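These protein sequence lines are chains P and V, in that order.
The letter at position 242 of the first sequence is residue 294 when you use our numbering, and the numbering goes up by one with no holes.
The letter at position 137 of the second sequence is residue 143 when you use our numbering, and the numbering goes up by one with no holes.
Glycine included, each C-beta is placed from N, C-alpha and C at the ideal position.
If you're wondering where the values come from, they're calculated on a predicted model, not measured in any experiment.
Reading through the structure tokens given below for one structure.
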Amino acid sequence: MKNILLMKFFSTAAVTPKRFHFSAQKSEFEISHIPFKDSGVSVVNSSGQLLVAKQEIDTIETKPVMRTLHNARKIAEDAIIKNCPDVICALDRKGRFLTINDACVLWGYSPEEIEGKFFTDFVVADDIEKTLKAACACISTGKRTSIDNRCAHKEGHSIPMLWSVSWSADDNLFYCSGRDASDIKSAEISLQESTQRYRSLFDYNPDAVYSLDLKGNFTSANAKVAELTGCPIDQILTMSFVPFVDPEYMSVAAESFRKAAAGEKISYDLVIIDISGNRRHLNISNMPMIVHGKFTGIYGVAKDISESEANKAELKKLNESLEMKIMERTSQLEQSIKEMEAFSYSVSHDLRAPLRIINGYTKLLSNEYEGKFDADGKEFMTAIIENTKYMSRLIDDLLNLSRLGREAINKTIVDMNLITQVVIHELKMEDNSIVADFKIQDLSPTVCDQRLIRQVWTNLISNAIKYSKKKGTPQIEIGSYEKGNQTVYYIKDNGAGFDMKFAAKLFGVFVRLHDRSEFDGTGVGLALVQRIISKHGGKVWANGKVDEGAVFYFSLPNS
Amino acid sequence: MHNEKVDILLIEGNDYEAKLALHNLKKHNLTNNLLHLRDGEQAADYIFATGEYEGRDISNRPKVVLLDINLPKMNGMEILKKIKSDERTRTIPVVILTSSRENRDVAEGYALGANSYIVKPIEFGSFSETITSLGLYWAIMNQEAPYIPNNLWQSISEA
């Protein structure tokens, strides 16, 4: 314990002057001040009597004190050797341990187990020869030698050791100190691994990796650089990057190099010409190479993008031809639309005129030559007149349908309650024989084209009235409900209904499920409804049963 | 030379249609001062006293022009444009009488200065009523604009 205290004193006294108590030779002492260079030591005994004073070491005559001091030093040295974490030992010329400190527990032995034995018993067999050689060299040169070897632990594993060995010809002894080098070794190994890893990243990188000095000369290059340039690596390492650059790209390359050499991290596209004269598109990333805080060159990665450049060009070509095709088709389509418009125009104008003439002359005949026709003749004329009227309605409906295709929809918030009421009112005004019983729930408002949706309600409500006319009291119910992101509106009647096997046909143009003599109509109304609703992004459908009524639904997206 | 007084100038390419119209107008004694022309060019010549009507007194103007759109040689819109862009004729009322209810025709007609746009009803009863009311309104009830000669127009606009 006291030895350790003393050592502590020696190690700290140099830095911090302090008082220190210790006991030696059964006496209590107090040492103060720094004892080394200037002999500035004072030793005071337990009763406070000054035994040794500053600069008085040589002149002091108090022998017991000197002896005590000498003893104290010896004790300290012994303690240092004993407690040193490094192995300290002396061996004779034959390599036999004469003495070794406690640090040899590192190998699992006590000093007593080692002293008297040869070093060959403790060094790993493979390392004996090199240890011997180093020891011989130490004797022959007389210089301190470093040896690194592995010592065998008592339990079998080996411990890397780093030795400092000197030979004393006077004593005919080796004095050695050795340190456990496990930590150093593992650091060395991890450094090696890290170096190898980076080396692999460099060597096996699918991209070209290289470094340039500040003048643009290659200082390293991987195999891909050789592949891209067609030059062997050793030749590349004697060259600058300049000869490989496509002259067209020289100014880009020079500017980029200048930037990179100014420490900027940059990426750019470059074309190089390999040794056989082939052009290659590269994407270059250059970054500054900084070693010990000093900018020493440029580290670069070059990706071969020749293929993707070729693909890009191909894609561009494809896009251009696609655009051409689209333009061509668009103009064809525009042409078709124009033709359609011309057609509907001529239908509207040219077909109406002869109809009017047929109707007019027939009417003239029946009005002004009434007496000259018998009952059959009059009936025939009625047939002509009725059918011209019907054809006129057909034309009007068809034109409405085709006009719808060309019209843009104009959406606003629409109060469906109001619209249905207005439509019912109008229908009743047109035909005061309507006696239907309407039940209208509160309808959700929606966003749609008001004029078109009014047409939808007109068609659906007039249909409901028409097809339930033959019931004593037609019952018509109108309502709405939410379904997902849509609002569904429906109109239900108790009229003639329909067979569900025709449900899919209901909304087709000119499709009629009833005879005209039974229910009048052109077969365009529901087609118009469907076209309007689908223009709004909604759907139409219907349920029905013959003689039990029908329900027509349409949905409109809530947005 | 055609200097008789014309109240109604009917420009209609289809003779059958014209006859139906005339039949109605006749019942109401509206055909006495009626002239029916069949093609656009002829109609323009009449109005501007050119071609076969050269020398006609241009101040002798119809009270109304009933104009069809689809006409041989020069269509109704072209004639309308001509009438309405000439100071001597632009106060003549022009009623487009057509089968077309196309929005673009209606819009174009009014844009060019038509005084009215009537879609001929297909059903004969309605057709008769329409033609008769048109004739009565424009030829009898309506007060026609006075003719202002070209030189007077110039002095008006310069003043």
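{"Item": "CB contact below 7 Å: K415/P versus chain V", "Value": "yes"}
{"Item": "Exposure label - P155/V; buried when at least 16 CB within 10 Å", "Value": "exposed"}
{"Item": "Strand pairing of R332/P, partner residues [DSSP]", "Value": "I324/P"}
{"Item": "Minimum Cβ-Cβ distance from Y22/V to chain P less than 7 Å", "Value": "yes"}
{"Item": "Neighbour flag for L26/V against chain P, beta carbons, 7 Å", "Value": "yes"}
{"Item": "Residue range of the alpha helix (DSSP H) that includes P406/P", "Value": "R404 to E420"}
{"Item": "Closer than 7 Å to chain P by CB, S105/V", "Value": "yes"}
{"Item": "Nearest-angstrom Cα separation, counted from T271/P out to L58/P", "Value": "Confidence in L58/P is poor, its pLDDT being 47 and thus under 50, which makes the residue's placement unreliable; the coordinate value appears in the next sentence. Straight-line Cα distance between these residues: approximately 58 Å."}
{"Item": "For M213/P, the nearest candidate out of K355/P, Y421/P and I199/P (CA to CA)", "Value": "I199/P"}
{"Item": "CB-CB length for Y153/V against R67/V, believed under 8 Å", "Value": "6 Å"}
{"Item": "Local conformation of C500/P per DSSP, three classes", "Value": "strand"}
{"Item": "Residue span of the alpha helix (DSSP H) that contains M433/P, given as start and end", "Value": "A427 to R458"}
{"Item": "Below-7 Å beta-carbon distance, I128/V vs any chain P residue", "Value": "yes"}
{"Item": "Between the CA atoms of T138/V and N148/V - distance to the nearest angstrom", "Value": "14 Å"}
{"Item": "Residues near Y605/P in its chain [Cβ-Cβ closer than 6 Å; skip 5 each side]", "Value": "V540, Y542 and W593"}
{"Item": "Any C-beta of chain V under 7 Å from that of N411/P", "Value": "yes"}
{"Item": "Three CB pairs or more closer than 8 Å across the segment 21 to 31 of chain V and the segment 40 to 48 of chain V", "Value": "yes"}
{"Item": "CB contact below 7 Å: S454/P versus chain V", "Value": "no"}
{"Item": "Close-in-space but distant-in-sequence residues of the same chain around D494/P (CB under 7 Å, 5 per side omitted)", "Value": "N469"}
{"Item": "Interface flag, I146/V vs chain P, CB-CB below 7 Å", "Value": "no"}
{"Item": "Helix, strand or coil at M291/P [DSSP, three-state]", "Value": "coil"}
{"Item": "Cβ of S418/P within 7 Å of any chain V Cβ", "Value": "no"}
{"Item": "S319/P at chain V interface by Cβ criterion, 7 Å", "Value": "no"}
{"Item": "Assigned exposure category for R408/P - 16 Cβ within 10 Å defines buried", "Value": "buried"}
{"Item": "Own chain residues within Cβ distance below 8 Å of D144/P, not counting five before or after", "Value": "L150, N224, L225 and F226"}
{"Item": "Short CB-CB distance (under 7 Å) between S444/P and chain V", "Value": "yes"}
{"Item": "Stretch-stretch touch, CB-based, cutoff 8 Å, three pairs: the segment 472 to 491 of chain P with the segment 440 to 454 of chain P", "Value": "no"}
{"Item": "F347/P: first and last residue of the uninterrupted beta strand (DSSP E) it sits in", "Value": "K346 to D356"}
{"Item": "Cα-Cα separation between H85/P and R125/P, rounded to whole angstroms", "Value": "No answer about H85/P holds up, because its pLDDT of 44 lies below 50 and its placement is not dependable."}
{"Item": "Neighbour-count burial assignment, S520/P, 16 or more Cβ in a 10 Å radius", "Value": "buried"}
{"Item": "T111/P to D179/P span [Cα, whole Å]", "Value": "Any answer about T111/P is weak, because its pLDDT of 43 lies below 50 and its placement is not dependable; what the coordinates show is given next. Those two C-alpha atoms are separated by around 54 Å."}
{"Item": "Contact under 7 Å by Cβ, C190/P with T197/P", "Value": "yes"}
{"Item": "For E129/V, the first and last residue of its enclosing beta strand (DSSP E)", "Value": "No beta strand (DSSP E) holds E129/V; DSSP gives it neither H nor E."}
{"Item": "Within chain P, the residues that H29/V reaches when beta carbons sit closer than 8 Å", "Value": "L416"}
{"Item": "Residue range of the beta strand (DSSP E) that includes P609/P", "Value": "A602 to P609"}
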